[in-house]
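**Q**
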Amino acid sequence: MSNFSYKVFSTVTSKKTFYQTAKTLNVTPSAVSHSINQLEQDLGFPLFIRDRSGVELTADGNRVLPFIQKILNDESNLRQVSDSIKGLNSGSVRFGVFSSVCINWLPHIIQEFKANFPDIKISVKQGNIREINEWTRNGTIDIGFTLMPAPENLLVYPLINDPIYCITPADFNPINGSFITRKDVRNENFILQQRDYDQDTKLALDYYNVTANSLQFSIDDQSIISMVESGLGLGILPELALKKLSGNFNYFNFSKKYERKISLIVNKNQSTAPSIAKMIQIIKNFLRTEYSNRLLWV
1 MSNFSYKVFS TVTSKKTFYQ TAKTLNVTPS AVSHSINQLE QDLGFPLFIR
51 DRSGVELTAD GNRVLPFIQK ILNDESNLRQ VSDSIKGLNS GSVRFGVFSS
101 VCINWLPHII QEFKANFPDI KISVKQGNIR EINEWTRNGT IDIGFTLMPA
151 PENLLVYPLI NDPIYCITPA DFNPINGSFI TRKDVRNENF ILQQRDYDQD
201 TKLALDYYNV TANSLQFSID DQSIISMVES GLGLGILPEL ALKKLSGNFN
251 YFNFSKKYER KISLIVNKNQ STAPSIAKMI QIIKNFLRTE YSNRLLWV
């Protein structure tokens, strides 16, 4: 229904090249280039910075992205409502998630959803908290899992408080035998996953006087465990991240309680789409079963 150039613009912002956009939309690269040039002429300013490696949005392109994405999302919602009236199940759900949610929650949620609504398309983008918040805000995704505090102008559903632990080698013993104090971590290195280095982790490290010089970074949570096992330092991971990790390690509470609050965020313009409403209910049902009285969402 909408101008095809809007779809081309949205796809280019995601794929970063005209060639990949052409493959995704099943058109020629010259058609993509022509469409973007025409849209830039219509708007009166450049949307992309072009170089040999690909394209990047200009500042003006970033400003118009949420508006163009809203037009595309509204069209998708209209199609869903139309299909629903005609008795069809169609539509899409676009997720933004960080690693521990992607590993531990999403497979169960998607499996349950697909069993009930097999014709609804699901896509997943994994990113850090900042990226997920921005994707939800500008309408690139519909539903995001994030940490509090959540951005303004989004629907926010607090889910659970996720305790944060200190990860140690199996033979490590805290001085008091049960929890980690400042004396335990004095002169110790900490190994983090830089991609998920959130503010709750930083609060804990700051309280225990862990300096930037004492931080090492790893690729993922399992790599952190491997490095801790090897005696390269201590780790700091939330409960959800530990659920499917294996290795010869131990974990302890800190002397001061730390936790992160995982929340669901939804783009307001997308919240009334039938597929999104159905997915939100599936998510709530799953978490109610998993966490019962720990679930913060009433």
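In UniProt numbering, the protein residues as written are 1 to 298.
Here a beta-carbon is modelled for each residue, glycine too, at the ideal position from N, C-alpha and C.
Keep in mind the model is a prediction, meaning the values are calculated, not measured.
Only counting the same chain, and skipping five residues up and downstream in sequence, which positions put a Cβ closer than 8 Å to that of Leu88?
**A** The pLDDT assigned to Leu88 is 49, lower than 50, so where the model puts this residue is not dependable, and the model offers no usable value.
**Q** Can you find at least 3 beta carbon pairs, one from the stretch 250-267 and one from the stretch 160-169, that sit closer than 8 Å?
**A** yes
**Q** Is it buried or exposed, Arg94, if we count other Cβ atoms within 10 angstroms and call 16 or more buried?
**A** buried
**Q** Output the distance between the C-alpha atoms of Leu39 and Leu240, rounded to the nearest integer angstrom.
**A** 45 Å
**Q** Could you tell me which whole alpha helix (DSSP H) segments of length 4 or greater appear in the stretch 96-120?
**A** 99-104, 106-116
**Q** Closest to Phe172 by CA distance: which of Asn213, Gly233, Leu155, Leu205 is it?
**A** Selected option, being the one with the closest Cα: Gly233.
**Q** With respect to the alpha helix (DSSP H) encompassing Ile276, which residues constitute its N-terminal and C-terminal limits?
**A** It spans 274-291 - the alpha helix (DSSP H) in which Ile276 sits, taken as one unbroken run.
**Q** When DSSP builds the beta bridges, which residues end up paired with Tyr251?
**A** Ile167, per the DSSP bridge assignment.
**Q** Tell me which same chain residues have a C-beta within less than 6 Å of the C-beta of Ile132, skipping the five on either side of it?
**A** Gly96, Gly144, Thr146
**Q** Measuring only the C-alpha atoms, how far is Tyr291 from Lys244?
**A** 17 Å
**Q** Ignoring anything shorter than 4 residues or poking outside the stretch 184-212, list the alpha helix (DSSP H) runs there in chain order.
**A** The stretch 184-212 contains these whole alpha helix (DSSP H) runs: 199-207.
**Q** Can you list, in chain order, the residues of its chain whose CB lies under 7 Å from that of Ile103, leaving out five sequence neighbours each side?
**A** So the qualifying residues of the chain are Lys244.
**Q** Quick one: Cα of Met1 to Cα of Gln69, how far?
**A** Annotation note: pLDDT 42 at Met1 (below 50); position unreliable, no value reported.
**Q** Which value, in whole angstroms, describes the spacing of the CA atoms of Thr24 and Tyr157?
**A** Each residue's alpha carbon lies about 33 Å from the other.
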